[in-house]
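Quick note: the sequence shown, position 74, residue 73 per numbering that gives the first Met the number 0, numbers continuous. Every residue, glycine too, gets a C-beta built ideally from N, C-alpha and C. The block underneath contains the structure these notes are about, expressed in structure tokens.
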Amino acid sequence: MTAGNGIMHEALHYESFTRPGGMLEMVQFWVNLPAAHMMTWPKYQSIPNQAIPEIELPRNTGTVRVIAGSHGGATWPALTF
């Protein structure tokens with residue numbers, strides 16, 4: 000989410016989810032905007048888990064999920080400043 004010029008944020012989920020219960024996992028990243036962009040137009044991007052690229056590390060040492068920027072040829076799908 001780019002808060003920009005006056006967006007209000009309230010994280011809620013639907014009653015149809017609450018009633019039967021279950022696991023809800025999500026991550027939100029909030030990064031301060033550069034001063035020149037503080038009054039930019041607000042926007043929201045929803046990026047599902049399966050859209051986040053995962054890169055194998057050398058010598059079978061693990062994986063990296065590309066959250067921002069790029070790594071090993073994979074680029075994060077979010078638009079950022």
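Of all alpha-carbon atoms in Glu24, Gly71, Tyr13, Trp29, the one lying nearest the alpha-carbon of Met0 is that of Trp29. Ranked by Cα distance from Ala73, the options Met25, Leu23, Pro33, Ile51 are led by Ile51.
The residue from Ile54, Thr17, Ala34, Glu14 with its alpha-carbon nearest to that of Phe80 is Ala34.
In the DSSP assignment, Glu9 falls outside any beta strand (DSSP E), carrying neither H nor E.
Ala50 carries a helical assignment under DSSP once its states are collapsed to helix, strand and coil. Residue state for Ser45 is assigned as coil, using DSSP reduced to three classes. A direct Cα-Cα distance of roughly 29 Å separates Glu14 from Gly3.
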